[in-house]
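When you line the sequence shown up against the working numbering, it's residues 2 to 400, in that order.
First up is the structure itself, then whatever we jot down about it.
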Amino acid sequence: MVADYSEFGFEVPLDRTGLSTKKWEIEQINKNDPSVLCFSTAEMDFRAAPAIQNAINRVAQSGHFGYPHKRDSYFEAIVSHFDRNHGWTIDPTSIYSHVAIYPSMQPFIEELTAPGDEIVFQSPVHHCFEEVIRANGRTPLANPLVVRDGQYVMDLDGLADIVTERTKMLILCNPHNPVGRAWTRDELEALNTFCLGRGIFVLTDEVYFGLVRAGRKYTPFASLSEEAAMNSATLISASKSYNLTGTKHSLVIIDNPEHRKAFEASQKKTNLYFGGCMFGQAATEAALRGGDSWRCALMEYIDGNFVLLRDTLNEALPGITVYDSDATYFAWLDMRGLGVSDEQIIRILDEARIAVTYGKPLGPGGAGHIRFNLATARITLQAGLDRFVTAFEKHLNND
Ligand SMILES: Cc1ncc(COP(=O)(O)O)c(C=O)c1O
Numbered sequence: 002m003v004a005d006y007s008e009f010g011f012e013v014p015l016d017r018t019g020l021s022t023k024k025w026e027i028e029q030i031n032k033n034d035p036s037v038l039c040f041s042t043a044e045m046d047f048r049a050a051p052a053i054q055n056a057i058n059r060v061a062q063s064g065h066f067g068y069p070h071k072r073d074s075y076f077e078a079i080v081s082h083f084d085r086n087h088g089w090t091i092d093p094t095s096i097y098s099h100v101a102i103y104p105s106m107q108p109f110i111e112e113l114t115a116p117g118d119e120i121v122f123q124s125p126v127h128h129c130f131e132e133v134i135r136a137n138g139r140t141p142l143a144n145p146l147v148v149r150d151g152q153y154v155m156d157l158d159g160l161a162d163i164v165t166e167r168t169k170m171l172i173l174c175n176p177h178n179p180v181g182r183a184w185t186r187d188e189l190e191a192l193n194t195f196c197l198g199r200g201i202f203v204l205t206d207e208v209y210f211g212l213v214r215a216g217r218k219y220t221p222f223a224s225l226s227e228e229a230a231m232n233s234a235t236l237i238s239a240s241k242s243y244n245l246t247g248t249k250h251s252l253v254i255i256d257n258p259e260h261r262k263a264f265e266a267s268q269k270k271t272n273l274y275f276g277g278c279m280f281g282q283a284a285t286e287a288a289l290r291g292g293d294s295w296r297c298a299l300m301e302y303i304d305g306n307f308v309l310l311r312d313t314l315n316e317a318l319p320g321i322t323v324y325d326s327d328a329t330y331f332a333w334l335d336m337r338g339l340g341v342s343d344e345q346i347i348r349i350l351d352e353a354r355i356a357v358t359y360g361k362p363l364g365p366g367g368a369g370h371i372r373f374n375l376a377t378a379r380i381t382l383q384a385g386l387d388r389f390v391t392a393f394e395k396h397l398n399n400d
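If you want it as structure tokens, here you go:
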């Protein structure tokens, strides 16, 4: 598909009048400084695709906001999207919905594991992985990713060393936040073989499925084989790929009848299977049916932002390693070559009035790194990079 991003206005900084978001407004309020530039929280500074805005407007204009029912068109939009874009045949009866990714992890943790059981996460990864495992009374087991030939890969030997008979689940992130890998079929096959062999269930968070850079490929874990589908559940949402994080609607794909029963039992405890948010539901359907051209244009724009960041930092601050990325709108930076500590990085960026995501809270392997959110107008990114480079050059020359 040919992408023309000028059509969608990505290059025009978003008018933030009246907005109140975690990414910008709260960050500036917390720092008591409206001039802070924000490249942290995982959402975009772009208006949603026209197809989504129209769908939400239609719901709003109906003036009636009762419990929504999912029509066949909702399921058709989901099935067709994943078939068309990712070669994944989803059985419509396997599709459940929920309000978001993290709340939909809880039913699987509760139903498929017992208190004290171990759940693997592959760090560095979004901090909520470890948090959700721990908060549900299970034991988080870190299996850090490793860098080989300049690329992050899974460490299955390390995994074999740490698992015990109490290891019941692995939470996968595909594509991976923050390192940006879209795991290959071979990598996923190897993980699948390992988990099947050890009786480890794979809960796969594929919320970044749509944010794949040109020439790269996202492989849904459940599309590997019947066995993989039966030993996993997939959590997806239009939230990240279409900038709908505030509309609270996500999908849970479950092939295994036993796991469906467990999930349904858990939903009964909260009545979450009844109704849902009609705006999130309408937005999801519209995104998956009519958002392809917007998403392709988006990824072309993000690509340009990635190149700008990489080339700027390679030139000005060659001590920083900018990892290549298959997917997501993040750049993942190894800062250790600058000889600065995590505390110094925080101080320097605070003084530079830039908010990024620091790597240390993302678990083992995260220290000394930062994540830069590239989903913004290029002019804003350029302004952030100017501050960033100036601040580190000053530090390296003076301190
Ligand atoms: C890997 C990953 N999963 C899930 C989420 C959050 O999704 P939700 O808001 O739907 O719970 C994030 C947010 O950054 C994320 O990075």
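Using N, Cα and C, we set each Cβ at its ideal position, and we do this for glycine too.
{"Item": "Round the Cβ separation of residue 341 and residue 396 to the nearest angstrom and send it over; I've been treating them as touching at under 8 Å.", "Value": "7 Å"}
{"Item": "Could you pull the start and end residues of the alpha helix (DSSP H) that residue 119 belongs to?", "Value": "Element bounds for residue 119: not the alpha helix (DSSP H) but the beta strand (DSSP E), 119 to 122."}
{"Item": "Please state whether DSSP places residue 174 in a helix, a strand or coil.", "Value": "strand"}
{"Item": "What would DSSP say about residue 39, mapped onto helix, strand or coil?", "Value": "strand"}
{"Item": "Any idea if residue 68 is buried or exposed, counting beta-carbon neighbours within 10 angstroms, 16 or more meaning buried?", "Value": "exposed"}
{"Item": "Are the CB atoms of residue 1 and residue 214 nearer to each other than 9 Å?", "Value": "The requested residue 1 does not occur in the structure, where the chain is confined to residues 2 to 400."}
{"Item": "For residue 33, does the three-state DSSP call read helix, strand or coil?", "Value": "coil"}
{"Item": "Can you look up residue 356 in the DSSP assignment and give me helix, strand or coil?", "Value": "strand"}
{"Item": "Would you identify the three-state DSSP class for residue 87, choosing helix, strand or coil?", "Value": "helix"}
{"Item": "Where residue 322 and residue 312 are concerned, what is the direct C-alpha to C-alpha distance, given to the nearest angstrom?", "Value": "11 Å"}
{"Item": "What residue range is occupied by the uninterrupted alpha helix (DSSP H) comprising residue 396?", "Value": "379 to 399"}
{"Item": "Among 332, 380, 378, which has the Cα closest to the Cα of residue 178?", "Value": "332"}
{"Item": "Going by DSSP, what residues sit across from residue 142 in a beta bridge?", "Value": "121"}
{"Item": "Would a C-beta distance cut-off of 9 Å place residue 10 and residue 48 closer than the cut-off?", "Value": "yes"}
{"Item": "Would the beta-carbon of residue 140 fall within 9 Å of that of residue 120?", "Value": "yes"}
{"Item": "Tell me which residue opens and which closes the beta strand (DSSP E) that residue 96 is part of.", "Value": "96 to 99"}
{"Item": "Hey, would you say residue 202 sits closer than 9 Å to residue 109, going by beta carbons?", "Value": "yes"}
{"Item": "Does the distance between the C-beta of residue 18 and the nearest non-hydrogen atom of ligand 1 fall short of 8 Å?", "Value": "no"}
{"Item": "For a quick check, are the C-beta atoms of residue 360 and residue 368 less than 9 Å apart?", "Value": "yes"}
{"Item": "Pairs of beta-carbons, one from the segment 54 to 69 and one from the segment 90 to 99, closer than 8 Å: are there three or more?", "Value": "no"}
{"Item": "By DSSP, does residue 240 sit in helix, in strand, or in coil?", "Value": "helix"}
{"Item": "When the Cα atoms are used, what is the spatial distance from residue 318 to residue 399?", "Value": "15 Å"}
{"Item": "So, for residue 388: in the same chain, excluding its five sequence neighbours on each side, which residues have a beta-carbon less than 6 Å away from its beta-carbon?", "Value": "353, 355"}
{"Item": "Below 7 Å CB to CB, which residues in the same chain sit around residue 328 once its five sequence neighbours on both sides are set aside?", "Value": "176, 181, 183, 209, 212, 213, 214, 217, 219"}
{"Item": "Can you name the start and end residues of the alpha helix (DSSP H) that residue 370 belongs to?", "Value": "That residue, residue 370, is in no alpha helix (DSSP H); its beta strand (DSSP E) goes 370 to 374."}
{"Item": "Could I get the ranges of all uninterrupted alpha helix (DSSP H) runs contained in the segment 252 to 333, with 4 residues as the minimum, in chain order?", "Value": "258 to 271, 279 to 291, 293 to 317"}
{"Item": "Could you tell me which uninterrupted beta strand (DSSP E) segments, each at least 3 residues in length, are contained entirely in the segment 153 to 201, listed from first to last along the chain?", "Value": "168 to 174"}
{"Item": "Got a sec? Which residues, its chain only, sit under 6 Å from residue 358 by beta carbon, not counting five neighbours each side?", "Value": "41, 372"}
{"Item": "As a quick exercise: from 306, 107, 168, 157, pick the residue whose alpha carbon is nearest that of residue 194.", "Value": "157"}
{"Item": "How is residue 215 classed by DSSP in three states: helix, strand or coil?", "Value": "coil"}
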